[in-house]
Amino acid sequence: MVHSLDRGEVAHGLAGNAAGVVLQTAMDHRLWTMDYLTINLIVYIWNMLATLKILWNSLKMALLELKVNKLRTFLSLLGITIGIFCIIAVFTVTDSMENNIRSDVQALGSDVIYIQKWPWGGGGEYPWWKYMNRPEPEHKELKVIQDKVQSASSAAFAFSAYSKKIEYRDDYMDGVEVMAVSQDFDKIQNPAIINGRYFTGNENSSNVVILGANIWEGLFGSSEAALNKVVQVAGRPCKVIGLLKKKGESLLGGINYDNAVIVPYGYGRTIMDERRFGDPYIMVKAAPNVPLVQLKDELRGVERAMHRLRPREEDDFSLNEITTLSDNLNGLFSIMNVAGGIIAIFALIVGGFGIANIMFVTVKERTNIIGLKKAIGARRSVIMMEFLLEAIVLCLIGGGFGLLIVYTGTLLASGSQSFAITLSLKNIVLGLSISAVVGIVAGFIPAFSASKLDPVVAIRSN
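For what it's worth, my numbering labels the leading residue of the sequence shown as 6, then goes sequentially.
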C-alpha cells in the first residue's frame with residue numbers, strides 16, 4: 006500500500022513538472038513574440054525617422070538650391086508652374102461651369118418639357134427658315150394639355166417682353182424683362198422669394214408684380230423697403246408683393262430672374278403684345294416616377310392633334326428639355342479639358358527636362374559628398390531616395406506656385422463673374438500629385454546615377 010502511494014506521488018510530481026515545463030515554454034514563446042513585435046516596431050519607427058530626416062535634408066537642399074542658383078532654378082521650375090497652372094486652371098473653370106449647369110438643371114427642371122416654336126441646340130445645320138413659319142404656342146393649348154396629358158403633374162403658360170422700363174418715383178431701370186406667367190408656374194420653376202409671397206389663384210388679372218434682385222436692389226436698396234410699394238411696369242402701376250433672391254446668370258440661358266419682373270398672365274397680356282414680341286412657351290412637368298420619354302410621347306400626340314397634323318407631316322412645334330443644352334455644354338467642356346491637358350503635358354515635359362537638368366548638375370556638384378557618404382556606409386537606396394525627394398520637392402514648389410496663380414485668378418474672376426469660380430480641394434490634390442509624379446520621373450535617372458557612383462572615384466573627383 007505504501008508502495009502504491011509512492012508511485013502515485015511520483016506520477017503526480019512528474020505531471021506537475023511537465024505542466025511547469027509547458028507553461029514556462031509558453032511564457033518564453035510569448036515573451037519572444039512580444040520582443041519580436043517590439044523590435045519590429047522600433048525598426049519601423051527608426052526607418053520612418055530616417056526617411057523623415059532624409060526628406061527634411063532634401064527640403065533644405067532644395068531650398069538651398071533655390072537660394073544659391075536663383076535664376077537657373079527659377080527657369081527650370083517655370084515649366085512645372087506653367088504646366089500645373091494650365092491644367093488646374095482648365096479643370097477649375099470647367100468644374101465651376103459644370104456645377105453652375107447642375108444647379109441650373111435642377112432649377113429649370115430635368116423633368117420638364119418646354120413646348121416652343123424654336124428647338125434648342127440643333128448641331129450642324131440649323132434650318133431657321135423652316136422654324137420661322139411655325140405657329141407660336143397659345144394659351145388655349147394649356148387647358149387641353151392639363152385635361153388630356155396624364156403623365157403631367159403641372160403645366161403653365163408664359164411669355165416675356167424685353168427692354169421694358171420699371172419706374173419708382175424719380176428712379177427707373179431700363180432693359181428689364183417682363184414675364185407674364187399663368188397659375189402653377191411656381192410649381193414648375195419654383196422661383197426663390199426672400200420677402201413677400203407669390204401670386205394667389207384669384208390674382209390672374211391683378212396689377213401685382215414680383216421683382217428680381219437687380220431691380221429691387223437698384224430701385225430700393227433692400228427687399229424690406231421694396232415690399233408693398235407701387236412701381237410703374239411698362240407705364241402701368243403695379244403693387245410689389247414679392248422679391249426674388251439673387252441667382253446669378255445661367256450658362257444654359259434660360260430665365261434671368263435677377264433682371265426680370267413677374268406679373269400674372271391675365272394682367273401681362275394687357276401691357277404687352279403676346280403674339281408679336283412675347284416668345285410664348287408652355288412648360289409641362291412630369292408626374293412623379295414618370296419617364297420623360299413617356300411625357301414627351303403624350304405631349305407630341307396631343308400637340309399634333311391640336312395642330313391637325315397628318316401622320317406623315319412633320320411636327321410644327323418643338324419639345325425641348327434642359328438636358329439637351331447641358332449635354333451640348335458638357336461636350337464643350339470635354340474638349341476644353343482635352344485642349345488644356347495637351348497644353349499642360351507639353352509644359353510639364355519641358356519642366357521635367359528642366360528639373361532633370363538641375364538634378365544632373367546637382368549630382369555633379371555633390372560628387373565628393375556622395376563619395377564620402379558611401380564610404381562611411383550609406384546605402385545606394387538612401388542616396389537614390391535623397392535625390393529623388395529633392396526632385397519631388399522642387400516640383401512641388403513649382404506646382405505650388407502654379408496653384409497659387411490659379412487661386413489668385415479665381416479670386417479676381419469671382420468678383421467679375423456672375424457665377425462662382427472656386428479652386429476645389431480635389432484639384433489642389435491633383436495638381437500636387439502631378440507635380441510629385443513629374444518629380445519622380447525627372448529625378449529618377451539623376452538619382453540612379455548618383456547611387457551607382459564608386460566611392461573611391463567620387464572622393465577623388467574635383
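The beta carbon of each residue, even a glycine, is placed where N, CA and C say it ideally should be.
{"Asked": "List the residues that DSSP assigns as beta-bridge partners of I118.", "Found": "V289 and E326"}
{"Asked": "Around the C-beta of N2, are 16 or more other C-beta atoms found within 10 angstroms, so that it is buried, or is it exposed?", "Found": "The chain is shown only over 6 to 467; residue 2 falls outside these bounds and no answer can be derived."}
{"Asked": "Quick one: is T275 buried, meaning 16 or more other Cβ sit within 10 Å of its Cβ, or exposed?", "Found": "exposed"}
{"Asked": "In the DSSP assignment, find the unbroken beta strand (DSSP E) run with A161 in it and report its ends.", "Found": "A157 to Y173"}
{"Asked": "Given a cut-off of 9 Å on the beta-carbon distance, is the pair L249 and D263 in contact?", "Found": "yes"}
{"Asked": "Specify, as a first and last residue, the run of the beta strand (DSSP E) that L437 falls within.", "Found": "Careful: L437 lies outside any beta strand (DSSP E), inside the alpha helix (DSSP H) at L430 to S456."}
{"Asked": "Flag this pair as yes or no: are the beta carbons of I287 and Q121 separated by less than 9 Å?", "Found": "yes"}
{"Asked": "When the Cα atoms are used, what is the spatial distance from G414 to L337?", "Found": "22 Å"}
{"Asked": "Return helix, strand or coil for L476, following the three-state DSSP convention.", "Found": "Because the chain here runs from 6 to 467, residue 476 falls outside it and cannot be looked at."}
{"Asked": "CB-CB under 6 Å to S159, same chain, minus the five flanking residues each way: which ones, in chain order?", "Found": "D189, K192, I193 and K290"}
{"Asked": "How would you label W61, buried or exposed, when you count the other beta carbons within 10 angstroms and need 16 or more for buried?", "Found": "exposed"}
{"Asked": "Assign T99 to buried or exposed, taking buried as 16 or more other Cβ atoms, counted over all protein chains shown, within 10 Å of its Cβ.", "Found": "buried"}
{"Asked": "Which residue spans inside the region 345 to 406 form an unbroken alpha helix (DSSP H) run of at least 4?", "Found": "372 to 380"}
{"Asked": "A163 to G306, Cα distance in whole Å?", "Found": "22 Å"}
{"Asked": "Who are the near neighbours of L393 in its chain, counting only those whose CB is closer than 6 Å to its CB and skipping five residues on each side?", "Found": "G448 and A452"}
{"Asked": "Give me the DSSP bridge partner(s) of C243.", "Found": "V236"}
{"Asked": "Using a Cβ-Cβ cutoff of less than 6 Å, which residues in the same chain neighbour V235 once the five nearest sequence positions on both sides are dropped?", "Found": "P242 and K244"}
{"Asked": "So is V27 buried or exposed if we call it buried at 16+ other beta carbons inside 10 Å?", "Found": "Reliability of the predicted coordinates at V27 is poor, the pLDDT of 42 falling under 50, and no value is obtained from them."}
{"Asked": "If we ignore side chains and look at the alpha-carbon of each, how far apart do I327 and W125 end up?", "Found": "9 Å"}
{"Asked": "Verify whether the separation of the beta carbon atoms of V95 and A463 is less than 9 Å.", "Found": "no"}
{"Asked": "The alpha helix (DSSP H) spanning G283 covers which residue range?", "Found": "Per DSSP, G283 belongs to no alpha helix (DSSP H) and is neither H nor E."}
{"Asked": "Flag this pair as yes or no: are the beta carbons of N200 and L232 separated by less than 9 Å?", "Found": "yes"}
{"Asked": "Once DSSP output is grouped into helix, strand and coil, what is the label at S466?", "Found": "coil"}
{"Asked": "Would the beta-carbon of L83 fall within 9 Å of that of G356?", "Found": "yes"}
{"Asked": "In this structure, does DSSP put A265 in helix, strand or coil?", "Found": "strand"}
{"Asked": "Taking all protein chains shown into account, do 16 or more other C-beta atoms lie within 10 angstroms of the C-beta of K148, making it buried, or fewer, making it exposed?", "Found": "exposed"}
{"Asked": "Considering only residues of the same chain and omitting the five flanking positions on each side of K457, which have a CB-CB separation below 6 Å?", "Found": "none"}
{"Asked": "By the 10 Å Cβ neighbour count, where 16 or more other Cβ atoms means buried, how is R371 classified, buried or exposed?", "Found": "buried"}
{"Asked": "Do M184 and I260 come within 9 Å of each other at the CB atom, strictly closer than that value?", "Found": "yes"}
{"Asked": "Buried or exposed: where does W4 fall if 16 or more other Cβ atoms within 10 Å of its Cβ makes it buried?", "Found": "The structure shown has nothing for residue 4, since the chain only spans 6 to 467."}
{"Asked": "For the 8 Å Cβ check, are there 3 or more pairs between the region 172 to 184 and the region 292 to 312?", "Found": "no"}
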